[in-house]
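Letter by letter, the sequence shown follows residues -28 to -1, 1 to 449 of mature numbering (1 follows the signal peptide of the UniProt record, and there is no 0).
We put the CB at the ideal spot given by N, CA and C, even for glycine.
Have a look at the structure below, then the notes.
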Amino acid sequence: MGKHSYSWKTIILVCLLFALLPSLNAQEKPPQKNTEPHSILDSDREVTHGSLHNLKELFGLGTITGHLRNYFMSTLNEGSLTDYYANAIGGAMRFRSHEFYNFEFGAAGIFTYKAFSSDLNEVDPVTGEFSKWEHELFDVLDFDNFNDLDRLEELYVRYNLDHGFITYGKMEIEETPLMNRQDGRMKPFAFKGLWFHYALADNHHLHATWIDRISPRSTVEWFDFKEGIGLSNQGFQPDGTEAEYHEALESDGLAMLGYQTHYKDFSLEFYQWYIHHLSHTSWIGLEYEGEQWKLGIQYTIQFPDGFQKELEYEQRYMQPGEQGQVLSGMVQYSSADWDLWVAYTHAFDSGRFLFPRELGRDHFYTSLARSRLEGFGNTDVLTLGTTYHFGHDHFTGGLAYTRLFGPETDSFEFNKYNLDSYQQFNFHLDYGFTGFLDGLHISLLYVYKNNLNNTDPEAIFNRSNYHQVNFITNFDF
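As structure tokens, then:
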């Protein structure tokens, strides 16, 4: 962001250090996940939207929000394989203007620094690879960049309707099952385009969007849509050749149409994504939620765009004839303090489920941190989980177990990233402070992932057979 930005970043960093001091005295208390992340779209400001008298009021009556974050991550690989750790510190600042004839605008910036770490570029002598997970706290496109990590997150104009809004620019999008911000590192997925939201009635909501630029999670640059897909791992084609679609993409963007409704204890959602020249994806979800029981089912189906036929085999994102299909279901029982749930997902043998990882992560009922379904076909996933509320809504803990039964390695027809079947345990504690420390949240996530078939170092390094500890401190203001 240039020389002139150094002073404000330094000031914010100093403020961050002072903001985190209270957490050092409370580390013996269990952490909590922030279940309601602050959104610039639903700021709780209390400003009467009357007429403005001058330009100064347009800014002066606006709202400033943000967050400060400290993230420590350590990955312990199996045996003599190299271990890594890192601590990132950063934050974000958001401004939302006062409304003027139904118009408003907003802007947000985000920054990250490396506080300390092991040598993340140290090459493991057995596999020839280096850190994967810890680099995701910084810049996955420049492994030597640990300090120049600012990004213009939002810059948009919004027109407010009686029952909705239209937003254009770099914006914080609403969450969808496949395209989302997924703010699980230091920088979330970011999007630029047009977003339309309209409430047809109290229980009928319509969404329509066009996205033409993206900035994937753990990156600092913005990319035209066709340049932003396939930036890191392009995987393999069904015949085992390496995929090379990144340079061949002729995609102008993504269009989405969404609909949500609810009736009594039932809720229904439908989404249709069209990725220009790549694919068509339909998603439908139905849930029932009673006083103690919750049941849900999700189904998605995909087809390649006709343009894919015109490309060379290795340049295709999805092969003609591939038809990704996924069915996912969930049953949950809740008591006063406990939530118990079981979920099952089946990816059919009609093709691999494919959706660009640069746009978010899939939210099937079996989805967990460090585990996703994208890239698999002919696969089954079973997940069991429980959450305990320690007498307060702001203090929870949970344990989840997932097992993926999928194709073996080198079975590329249904295995884009050549991953093996695995089992995984996740344990988390989340604590949100109240009173004087309101806005401070701490979270602990422990992950153990184990390969079920193969223990060769090349097959497990950065993929499975590791223990990982994540300790996150957030302060929202």
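Boundaries of the alpha helix (DSSP H) around residue 430: 429 to 432. According to DSSP, residue pairing for residue 75 in a beta bridge involves 72 and 131. A distance of 9 Å or more separates the beta carbons of residue 194 and residue 204. By the neighbour-count criterion, in which a residue is buried when 16 or more other Cβ atoms sit within 10 angstroms of its Cβ, residue 421 is buried. Within the DSSP bridge table, the entry for residue 33 names no partner. Within the region 138 to 208, the runs of beta strand (DSSP E) that reach at least 3 residues and sit entirely inside it are, in chain order, 162 to 173 and 176 to 187. With three or more CB-CB distances shorter than 8 Å, the region 372 to 387 counts as touching the region 340 to 360. Around the C-beta of residue 307, fewer than 16 other C-beta atoms lie within 10 Å, and the residue is accordingly described as exposed.
Boundaries of the beta strand (DSSP E) around residue 375: 367 to 377. With respect to residue 43, residue 368 sits apart: the two C-beta atoms are not nearer than 9 Å. Here residue 423 is near residue 437, since their CB atoms are less than 9 Å apart. The straight-line gap separating the alpha-carbon atoms of residue 69 and residue 357 is approximately 42 Å. Taking every protein chain shown into account, the CB of residue 28 has fewer than 16 other CB atoms within 10 angstroms, so this residue is exposed. Taking each of 62, 196 and 267 in turn and checking the Cα distance to residue 120, the smallest one comes out for 62. Distance from the CA of residue 425 to the CA of residue 159, rounded to the nearest whole angstrom, comes to 34 Å. The Cβ-Cβ distance between residue 301 and residue 272 does not fall below 9 Å. Judged by pairs of C-beta atoms under 8 Å, the region 165 to 176 does not touch the region 310 to 317, as fewer than three such pairs exist. Rounded to whole angstroms, the Cβ separation of residue 196 and residue 189 is 18 Å, and the two are not in contact under 8 Å. Within the model, the alpha-carbon separation for residue 419 versus residue 229 is close to 35 Å. In the three-state reduction of the DSSP assignment, residue 220 falls in the helix class. Counted as a single uninterrupted DSSP element, the stretch harbouring residue 343 is not any beta strand (DSSP E), since DSSP gives it neither H nor E.
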